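Residue numbers (the working numbering): 30 to 140. Backbone N, C-alpha and C fix where the C-beta goes; we use that ideal spot for every residue, glycine too. Since this is a predicted model, take the numbers as computed values, not measurements. Let me begin by presenting the structure, written as structure tokens, before commenting on it.
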Amino acid sequence: METAVVMPALVLLLAVMLAAAAAGMTLVRFEEAARASARAAARGETVAVAQDRAREIAGEDSAVTVAAGPDRVTVTVSGPAPGILGTWSDWTLQADAMAVTEGARNADVGP
30 METAVVMPAL VLLLAVMLAA AAAGMTLVRF EEAARASARA AARGETVAVA QDRAREIAGE
90 DSAVTVAAGP DRVTVTVSGP APGILGTWSD WTLQADAMAV TEGARNADVG P
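What follows is the structure, given as structure tokens:
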């Protein structure tokens with residue numbers, strides 16, 4: 030085969046591989062953001078502070094949801110896939126984290 034025929038396919042393959050690697054790094058960032066936000070909410074920080082903490086790590090364009098229960102907090106961070114994967118599709122990356130609230134831990138400790 031001629032190089033002129035194979036070269037566009039190789040460039041496209043490289044672009045998709047780089048976009049997949051960027052999506053993996055973004056997902057790791059979302060997971061860290063969800064964990065940090067869940068820890069902050071479990072310590073008693075407000076929902077706004079917990080969401081700001083997540084957006085500091087995940088980026089301002091990420092969506093952060095904080096759901097508080099009686100003894101635990103669940104945080105979900107989501108956003109579009111970066112690069113051509115996000116442009117060509119509606120692929121959304123999502124990470125969740127859960128933490129036990131400080132009050133629940135203290136209630137389990139007996140005298």
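For M54, tell me which candidate among M127, P109, T130 and A33 has the shortest Cα-Cα distance. When each option's Cα is compared against that of M54, the closest is P109.
Separation of D81 from T103, as counted between CA atoms: Taking the straight line joining both Cα atoms gives about 15 Å.
Paired residues, beta bridge with A124 - DSSP: Beta-bridge pairing links A124 to V106.
When the Cα atoms are used, what is the spatial distance from V45 to I113? Approximately 7 Å, taken between the alpha carbons.
Among D119, A38, G98 and V34, whose alpha-carbon lies nearest the alpha-carbon of G73? G73 has its Cα closest to that of G98, out of D119, A38, G98 and V34.
So for T155, helix, strand or coil by DSSP? What the structure shows of the chain is the stretch from 30 to 140, and residue 155 is not part of that stretch, so it cannot be assessed.
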